[in-house]
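J.: Residue numbers (the working numbering): 7 to 196. For every residue, glycine included, the Cβ atom is placed at its ideal position computed from N, Cα and C. All values reported here derive from a predicted model rather than from experimental measurement.
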Amino acid sequence: MDEQLAITEIFREAATIIMLLGIGIIAGRNIPERFAWFIYAFAIWDIFYYVFLKLLLNWPESFMTWDILFLIPVTWVGPVIAPVIVSLTMILFALLILFSGKKTSQLRISSFEWVFLILGSLVIIISFTWDYSKFMLTHYSISEIWTLPKATLYELVSTYIPTSFNWWIFVTGEIIIVFGIFKFWKRTKS
Numbered sequence: 007m008d009e010q011l012a013i014t015e016i017f018r019e020a021a022t023i024i025m026l027l028g029i030g031i032i033a034g035r036n037i038p039e040r041f042a043w044f045i046y047a048f049a050i051w052d053i054f055y056y057v058f059l060k061l062l063l064n065w066p067e068s069f070m071t072w073d074i075l076f077l078i079p080v081t082w083v084g085p086v087i088a089p090v091i092v093s094l095t096m097i098l099f100a101l102l103i104l105f106s107g108k109k110t111s112q113l114r115i116s117s118f119e120w121v122f123l124i125l126g127s128l129v130i131i132i133s134f135t136w137d138y139s140k141f142m143l144t145h146y147s148i149s150e151i152w153t154l155p156k157a158t159l160y161e162l163v164s165t166y167i168p169t170s171f172n173w174w175i176f177v178t179g180e181i182i183i184v185f186g187i188f189k190f191w192k193r194t195k196s
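1. With a threshold of 16 other CB atoms inside 10 Å of the CB of residue 157, please say whether the residue is buried or exposed.
2. Nearest to residue 48 by CA position, among 89, 79, 136 and 35, is which residue?
3. So residue 74 is in the alpha helix (DSSP H); what residue range does that whole segment cover?
4. With a Cβ-Cβ cutoff of 9 Å, do residue 171 and residue 79 count as a contact?
5. What is the residue span of the beta strand (DSSP E) that residue 38 lies within?
6. Using the Cα positions of residue 142 and residue 77, report the straight-line distance between them to the nearest angstrom.
7. Could you work out which residue in 41, 14 and 152 is closest to residue 115 when comparing CA atoms only?
8. On the premise that residue 187 lies in contact with residue 59, defined as a C-beta separation below 8 Å, what is that separation, rounded to the nearest angstrom?
9. Nearest to residue 123 by alpha carbon, out of 70, 105, 163 and 185?
10. Taking the alpha-carbon positions, what's the residue 94 to residue 34 distance?
11. Inspect the CB distances between the region 166 to 182 and the region 104 to 115 and report whether three or more fall short of 8 Å.
12. Can you give me the C-alpha to C-alpha distance between residue 22 and residue 195, rounded to a whole angstrom?
13. Restricting to Cα atoms, I'd like to know which of 160, 152 and 125 is closest to residue 178.
14. If I follow the unbroken beta strand (DSSP E) through residue 85, where does it start and stop?
15. Can you tell me the Cα-Cα spacing of residue 37 and residue 165, whole angstroms?
16. Quick check: what's the CA-CA separation for residue 70 versus residue 167?
17. Tell me whether residue 176 sits in a helix, a strand or coil according to DSSP, three-state version.
18. For residue 182, name the three-state secondary structure that DSSP assigns.
19. Of the residues 43, 45, 74 and 96, which one's Cα is nearest the Cα of residue 163?
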């Protein structure tokens, strides 16, 4: 991937996130609903991205096919099934928030629940960035990576081929998030 294409892709990703945030802001009446609509829109976009790639390009070959998921702040990679699982979890949580919001105008996600949602998300991000980070750190230290000439960095990045996905880290993150969602559901179901 040349430098201009990489920069374009990073800005495209940022623009997509801004657009999805805009959907949440417009659709929601309060912060929890705005968050719910954002994660719902993000999840639907993510799933249908793969559906349309399959219809148009017959790709991915399987749910286990590797994909570059995101480039901000570093490259995220994983088998296609992993972001689909995350998206289904996001849809579940979004629907719980939206249905719970119909019962009360004072709906909120508690600090306790946020801790699990954020921690689980960070753990999942680690699972997506683990292989790429390991690859980069076998060649250079963190401080060296930040000072490499762009041409050297892009040359190295272009040789990266994913080798393993850390399912244990991913599943741990999902369990942490699902626990936070369960606590939210338990607190708001009545």
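T.: The answer reads as follows:
1. exposed
2. 89
3. No alpha helix (DSSP H) holds residue 74; the beta strand (DSSP E) holding it covers 72 to 76.
4. no
5. Where residue 38 is concerned, there is no enclosing beta strand (DSSP E), although the alpha helix (DSSP H) it sits in stretches over 37 to 63.
6. 14 Å
7. 41
8. So it is not a contact: roughly 28 Å between Cβ atoms.
9. 185
10. 20 Å
11. no
12. 33 Å
13. 125
14. 82 to 85
15. 43 Å
16. 15 Å
17. helix
18. helix
19. 74
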